[in-house]
Amino acid sequence: MTDLPYATLPVPNDWDRRGLPAWAYHSQALFDLERDHVFLTHWQLVGHECDIPDAGDWLSFDLLGERAVVMRGADGVVRAFHNLCRHRGARVVDGAEGTCKGSIVCPFHGWVYNLDGTLRGAARPSTFGEMKREDFGLKPIELSIAHGFLFIRFKPGPQPPMADLLAPFAADFAAYRMTELLPVQTPDWSTELPVNWKSVRDVDNEGYHVALAHPALQELYGRTYRDHQLENGLSMSIGWYGDAPGRGWSVREYVKHSPDRPDLPPHLQKAWTYYGIFPSTVFAMTPEGVQFYQDIPLSVGNTRLTGRTYRWANESRETRLARYLAMRIDRATSAEDQQLSIWSNESMKSQSFEGFHLSDLEYGLRRHHDGLRALLPVLSLADPPDEAQIPALNAQMACRNHPPA
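In terms of our numbering, the sequence shown opens at residue 178 and continues consecutively.
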């Protein structure tokens, strides 16, 4: 089996095989803490620079009461702003993506902003008394661009800039020519599940279930598939294909038509690779295309699964066919994972559920849980605390874990 060119963490000989407690999957108080200490303080992936190629092009991103717009300015620079007019807070752009021709006009009262977020002028400015335009530009949001991908963060947090965080994967991403991607004809997809977001992650963070739950993936690469954990909340999963033709139509035809990529390094030849970023983002690469997907929590019991798909320029007809076949395999796999997420989430409310007992093949799930416990130490409590006490308990435990210097 091909070696990977970066250090991965071994599974310990003796490790705690328990997962998060069941109460963590249906606690509103915990969900509120996750909003403030996990999602708003960690990088969220919005799209790729190729999604907004021209001045005025924009992508929006909503997360737990916060609204963002990422836009390319007239100077070609990409910036991120809160999607809030400085007058009354209306959305200055509406929808998932679009283009502003020369300026941003708030649809509520007509305040006009330049493409760099500065205020050009308020409607009927004489009615506002003295008002300095420079004080009323759109509020910026922290933006980090790595390998062409656009990440935002609503609040300061523990992760470094994305180029630094993704440094272990830099050679792989360069080999896949991530900066040269183009969107497919319908790049984005989205679906909602009636589950807590962690139930989705629990399924996706381990490959132990592939052999039984994903017949197409098992046919394609199940004999070689492995999950690997790295430092700083990163993970990498990989499976190599081509040693067997596959019985199902999609897999058999995919193996036949998937293009050779002699430009890729040996460990990426004939491989499907998945690169995970804490808390809930994954890049998925195949020889014919790239996608990312992520879990966006909507409420304690509702999660949006969403992502975008990309291709390379000048793809051949055969490559386009292979990308279609890969999509068919992914579509079936996603449906299978969604059902597993629902079943897993349901179990958390059963009085008979006694917690997880994890396999070595599920060590990635434990690593994800450990990342959450580090941010929210209240998750180390096996028994459900009183909902009203959870914020105070978490604050007390955090102080004990990190006493002042």
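Just so it is clear, CB atoms sit at the ideal spot from N, CA and C, and this is done for glycine as well.
- Following the DSSP letters along the chain, one finds residue 350 inside the alpha helix (DSSP H) bounded by residues 347-352.
- The Cβ atoms of residue 393 and residue 415 lie no closer than 7 Å to each other.
- Relative to the Cα of residue 191, the nearest Cα in the group 553, 536 and 322 belongs to 536.
- Comparing C-alpha distances from residue 352 to each of 441, 529 and 179 shows the shortest one belongs to 441.
- Listed as beta-bridge partners of residue 296 by DSSP are 290.
- For residue 519, the three-state secondary structure derived from DSSP is helix.
- For residue 188, no alpha helix (DSSP H) encloses it, and the DSSP letter there is neither H nor E.
- In the DSSP annotation of this structure, residue 229 is not part of any beta strand (DSSP E), being labelled neither H nor E.
- DSSP, read as helix, strand or coil, puts residue 255 in strand.
- When the beta-carbon positions are compared, residue 427 and residue 464 stay at least 7 Å from each other.
- Between residue 379 and the set 361, 539, 425 and 238, the nearest pair of CA atoms involves 539.
- Take residue 502, set aside five residues on each side of it, and the residues of its chain with a beta-carbon closer than 7 Å to its own are 427, 430, 431 and 434, in chain order.
- DSSP places residue 479 within a strand segment (E or B) once states are collapsed to three.
- According to the DSSP secondary-structure assignment, residue 238 is paired through a beta bridge with 245.
- Taking 4 residues as the minimum length, the alpha helix (DSSP H) runs contained wholly in the segment 400-465 are 426-434, in order along the chain.
- Contact annotation, residue 358 with residue 325: C-beta distance approximately 6 Å; criterion of less than 8 Å satisfied.
- The beta carbon of residue 253 sits closer than 8 Å to the beta carbons of 232 from its chain, once the five residues preceding and following it are set aside; these are given in chain order.
- Shown here for residue 275: same chain residues with a beta carbon closer than 8 Å to its own, the five before and five after excluded, namely 234 and 235 in chain order.
- Residue 360 has 487 as its beta-bridge partners, per DSSP.
- As a beta-bridge residue in DSSP terms, residue 330 pairs with 319.
- Relative to residue 395, the option among 424, 550, 544 and 245 whose CA is nearest is 424.
- Look at residue 560 here: in three-state DSSP terms it is coil, with no helix or strand label.
- Scanning its chain for C-beta atoms nearer than 7 Å, with the 5 sequence neighbours on each side dropped, one finds around residue 300 the residues 286, 287 and 288, in chain order.
- Contact annotation, residue 483 with residue 366: C-beta distance approximately 7 Å; criterion of less than 8 Å satisfied.
- Separation of residue 496 and residue 571 (C-alpha to C-alpha, rounded to the nearest whole angstrom) is 51 Å.
- At the C-beta level, residue 331 and residue 243 come within 7 Å of one another.
- Classified as exposed, residue 494 has fewer than 16 neighbouring CB atoms from the shown chains inside 10 Å of its CB.
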